[in-house]
Amino acid sequence: MRRDLGLTLAGGGNRAFYQVGLLRRFHEEIEPRLGSVASCSAGACVAVLHFSGRADSAHEFWRKRRSHVTRNFDWSRLLRGRRPTPHARVYRDTVEFAMREGGLERLRALPFPIWVLTSRLPRRLPVGLALPLGLAAYNLEKRIAPERVHPKLSSMLGFRAAIYDARSCESPQEVADLILASSATPPFTPIGLHRGSRLLDGGLVDNAPAFINEEHAGLRRQLILLTRAYPERSLGLQGDRLYLSPNKPVPVGRWDYTRPDLLAHTIEQGEAEAAIHAPLLARLLAR
């Protein structure tokens, strides 16, 4: 079977675990056809967890590792000069855990690339200005153009794509560096550092980076899994692309580490809605 299918996993914080549910149902049908996977932010986390075969064990690890978390933002810690959010350490520990017990070896042995998009800071703006401007532009665009899957404003400010193949990482720590760089959204996670470069969330360039797969020779079609509900006109078959999103808002918040039950419900929603999306997937694969 030809590997002529591209898969794109959008970012979205905890909402990306909707994709875990979809991939549980779609894996056997799409994996033999995959020629390339493009991802960013939490979608990149889902990619390495799923294709290393460690998604279920990592979910259980995350559930226990965040058991001490009662607040997503603690002002008292900020006043004491400490990081006010618990996310970075829990996130890193979860990715590193997933890359143990054969996870890294399975990731590196994949027959297709796992592309991870990060954002380089604008050359002409200091970090203290570029960071709030980029995040503000990203959130503003979601409000004024909720139907737009591929954002543009942050790129206009000078944020540039830096793309890495997760298979090239040589240790669990390096995989975690890459995933956290692609997810770098202060104050929840710090500015990323990967192979000497300071990086921010890849979603500032494109939160659903299907353009990466477009550059991969031999692909005839793309499956793009989104993490929030979009207007119907943004979804479905569009040329050689199929855009799928949750049919209703997922229950978990992007950075809510206080409600593990809602993350589990988000995975379950993905599994349940896979049956609804299946006919469109069949049409894509039949082309």
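Each residue of the sequence shown is one higher than the one before, counting from 5 in this note's numbering.
All residues carry an ideal CB built from backbone N, CA and C; glycine is no exception.
Taking the C-beta atoms as reference points, valine 256 is found nearer than 8 Å to arginine 263.
Listed in chain order, the beta strand (DSSP E) elements of length 3 or more contained wholly in the region 35 to 90 are 38 to 44.
For threonine 262, the secondary structure class from DSSP, reduced to helix, strand or coil, is coil. Just so you know, the alpha carbons of proline 213 and arginine 75 end up roughly 32 Å apart. Between the alpha carbons of leucine 144 and valine 52 lies a distance of about 30 Å.
Counting only runs of 4 or more residues that sit fully inside the region 163 to 195, the alpha helix (DSSP H) segments are 176 to 186, in chain order.
Rounded to the nearest whole angstrom, the C-alpha separation of histidine 198 and serine 187 is 12 Å.
In the DSSP secondary-structure assignment, valine 120 is bridged to Ser43, Tyr168. Of the candidates Gly162, Leu125, Glu275, Ala149, Leu125 places its Cα closest to the Cα of serine 201. By the CB criterion at 8 Å, leucine 114 and aspartate 210 fall outside the cutoff.
The three-state secondary structure of arginine 128, taken from DSSP, is coil.
According to the DSSP assignment, arginine 202 belongs to the beta strand (DSSP E) that extends over 201 to 205. Nearest Cα to glutamine 242 within the set Val24, Leu227, Leu208, Asp8: Leu227. Under the DSSP definition of a beta bridge, threonine 12 partners with Ala42, Ile228.
Straight-line spacing of the CA atoms in phenylalanine 77 and arginine 93 works out to 14 Å. In the three-state reduction of the DSSP assignment, arginine 245 falls in the strand class, which pools E and B. In this structure, threonine 270 sits near phenylalanine 21, with a CB-CB distance shorter than 8 Å.
DSSP, reduced to helix, strand and coil, places leucine 133 within a helical segment of the structure shown. Proline 250 sits away from arginine 224, with the two beta carbons spaced by 8 Å or more.
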